[in-house]
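Reviewing the structure listed below.
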Amino acid sequence: MTPPRIRPRFYITTPIYYVNGAPHIGHAYSSIAADVIARFKRLDGFEVFFLTGTDEHGQKIEKAAQAAGLEPQEFVDRNANAFRAMARAINLSNDDFIRTTQQRHKSGCTALWQKLETAGAVYLGHYEGWYATRDEAFYAEDELVLGPDGIKRSPYSAPVEWVRESSFFFKLSAFQDRLLALYDQNPEFIQPASSRNEIVAFVRAGLRDISISRTSFSWGVPVPGSPDHVMYVWVDALANYITAMGYPDMQAPRMAFWPANLHLVGKEITRFHAVYWPAMLMAADLPLPCRVFANGWWTVEGEKMSKSLNNALPVEPLIAEFGLDPLRYFLMREMPFGNDGDFSRRALINRLNDELANDLGNLAQRILSFIAKNADGALPLHGLMTEADFLLLSHARSLPGRVRDAIDGMALHEALDQIWKLVRSANAYIDHQAPWALRKTDPLRMAAVLRILCDALLVIGVLLQPFMPTTMAKLLDFLAVPPNARDLAALESALTDGSRLPTPSGLFPRFVEPA
Ligand code: ME8
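Residue numbers (this note's numbering): 1 to 515.
Printed below as a string of structure tokens:
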């Protein structure tokens, strides 16, 4: 008997989203990016744990519940459902969905607090300074910016208020040197470079202890032993990455996934993930995550999404109009991962029609319907290899490695670009080999050409599964690839000579703007 294969583990997280408002394309983006990586890692033989969820405590949520005339718990239950529904709508392959109001989280979070306290990293003091509820962040005077109206705001334009209250503090200042050593010894810890530079400069400038409890409202996890304090929402939120894994039970089976390989976050929250979180973990004597990667921001048709402009774009109508997989493809292809970009309907339609319907959809359709009509609907056999065959096949065989490199380097757009090079080469090959002309003159060569094309299509279909899971499942069905032979390890043996191919249909209908 062969021993079971030991698979390396990979733990990836999305930010947990605030439930004060409805989910929009920005949330979907971070989640889809994490999903692509999680799916790729599974394809590549890793045992993956993929976590997402919702951030449900804090002053911002309490205020939003009040404005909605609801009790906070009722309010967060309703809105967390909207985020769960979004996760389903975008076909997220998450292994768990954590809500910070769940008991498992509150207990784990309380245990973490106690651990920090025992380690001597927490003390009671008095906070006086600026707070922006919208950002749920404290700011120093010199971080504030003066708006055109002459009013001070946070660096993210949130209104700030002067807060004066009794508060517990975390001794962040004690971790400055260890944090700088961490960044220095692990250049990949924070990426991309713009985020890394910003964080390194922030820590070098000197760290102050941070306030980690509030007394002016009550919607939060109570501080153990001091029930008039609730934990600062970021302490509570960051803990989700371990409470979901069973912390404080270090023997919990899921704890084997800790430390996380990758925290995917928006670029506005890197300070919490790359400074506060590792410092808290150091204080609690827990291993540190391997990497924090900051994705950029989308604007929509040139505008920043905001409540005041009422232009936050939900995903469901886009999915209904364009289909989910084209939307997933567009989000991953349109802007280099880590950069900012603009979401526009025109750009989405262009990519859908040019790259999906034309380049890939037509390629698959030409090959598969030709086989259905002229090769008895069975997978053709290889023939003698020509130089052109060899070139296309070696391109296909080298593609998984290049896609792996791109994804490991967080260049998700580059992974697609590499795959499209093969799509274009396959299109050029079919034009040049013209199997339709070989049908009468050289049927064996026609079959050989079609088989080389199927080999290339297989690689394309397998590698695109993380990006467009539903459509690629359909493509692999058309190639009669068994469900258990769709990963990278099975690539060489996934196609069976002569197997019956089901009747193909179009993968990506062209989008025509309604009149
Ligand atoms: O910050 N473009 O939650 P949040 C791209 N609860 N990504 C966007 C985006 C946009 N326009 N808008 C939002 C929080 N995002 C905290 C996180 S983690 C322990 C706690 C994405 O609901 C991006 O990933 O404000 C950003 O970081 C996240 O949504 C913010 O979600």
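Glycine included, every Cβ here is placed at the ideal spot set by N, Cα and C.
Owing to the predicted nature of the structure, the values given are computational and were not obtained by experimental measurement.
I'd like to check one pair, residue j with residue i: are the Cβ atoms closer than 9 Å?
i, j, result
"residue 21", "residue 64", "yes"
"residue 116", "residue 275", "no"
"residue 300", "residue 313", "yes"
"residue 498", "residue 481", "no"
"residue 341", "residue 332", "no"
"residue 216", "residue 223", "no"
"residue 11", "residue 260", "yes"
"residue 123", "residue 168", "yes"
"residue 513", "residue 407", "no"
"residue 229", "residue 306", "no"
"residue 412", "residue 33", "yes"
"residue 302", "residue 344", "yes"
"residue 39", "residue 483", "no"
"residue 357", "residue 148", "no"
"residue 188", "residue 162", "no"
"residue 176", "residue 207", "yes"
"residue 98", "residue 244", "yes"
Check each candidate in the options and name the one with the smallest Cα separation from residue i.
i, options, result
"residue 280", "44, 484, 170", "170"
"residue 75", "287, 442, 295, 61", "61"
"residue 220", "231, 102, 53", "231"
"residue 450", "159, 148, 383, 480", "383"
"residue 23", "291, 473, 311", "311"
"residue 195", "134, 501, 265", "265"
"residue 205", "180, 250, 188", "180"
"residue 416", "359, 165, 514", "359"
"residue 295", "470, 9, 236, 193", "193"
"residue 111", "473, 250, 387", "250"
"residue 326", "465, 429, 106", "465"
"residue 248", "468, 105, 8", "105"
"residue 160", "146, 132, 150", "132"
"residue 158", "253, 225, 252, 137", "137"
"residue 257", "18, 51, 70, 454", "51"
"residue 19", "83, 410, 42, 9", "83"
"residue 88", "149, 316, 8", "316"
"residue 436", "366, 290, 268", "366"
"residue 387", "150, 253, 494, 448", "448"
"residue 17", "100, 432, 72", "100"
"residue 457", "246, 444, 492", "492"
Tell me, please, which residues DSSP counts as bridged to residue i.
i, result
"residue 191", "293"
"residue 211", "169"
"residue 299", "342"
"residue 99", "54"
"residue 129", "163"
"residue 264", "293"
"residue 226", "223"
"residue 152", "146"
"residue 139", "130"
"residue 10", "48"
"residue 124", "168"
"residue 500", "378"
"residue 508", "Paired residues: none, contrary to the question."
"residue 18", "55"
Counting only the same chain and skipping the five closest in sequence on each side, list residues whose C-beta sits under 6 Å from that of residue i.
i, result
"residue 139", "130, 154"
"residue 368", "478, 504"
"residue 283", "116, 119, 121"
"residue 210", "170, 172"
"residue 92", "31, 35"
"residue 277", "238"
"residue 330", "348, 351"
"residue 95", "49, 50"
"residue 472", "461, 464, 465"
Spatial neighbours of residue i within its chain, please: C-beta separation below 7 Å, excluding the five flanking residues on both sides.
i, result
"residue 425", "392, 395"
"residue 272", "234, 238"
"residue 143", "155"
"residue 439", "374, 446"
"residue 525", "With the chain covering only 1 through 515, there is no way to say anything about residue 525."
"residue 337", "33, 295, 410, 411, 412, 413"
Spatial neighbours of residue i within its chain, please: C-beta separation below 8 Å, excluding the five flanking residues on both sides.
i, result
"residue 44", "404, 487, 488"
"residue 320", "none"
"residue 397", "459"
"residue 270", "190, 195, 198, 199, 292, 294"
State the CB to CB distance for the pair residue i and residue j, rounded to an integer number of angstroms; the pair is presumed to be in contact (CB under 8 Å).
i, j, result
"residue 14", "residue 30", "5 Å"
"residue 298", "residue 26", "6 Å"
"residue 558", "residue 56", "Past the edges of the chain, shown from 1 to 515, lies residue 558, and the structure says nothing about it."
"residue 322", "residue 49", "31 Å between Cβ atoms; not a contact."
"residue 379", "residue 290", "So it is not a contact: roughly 42 Å between Cβ atoms."
"residue 37", "residue 262", "7 Å"
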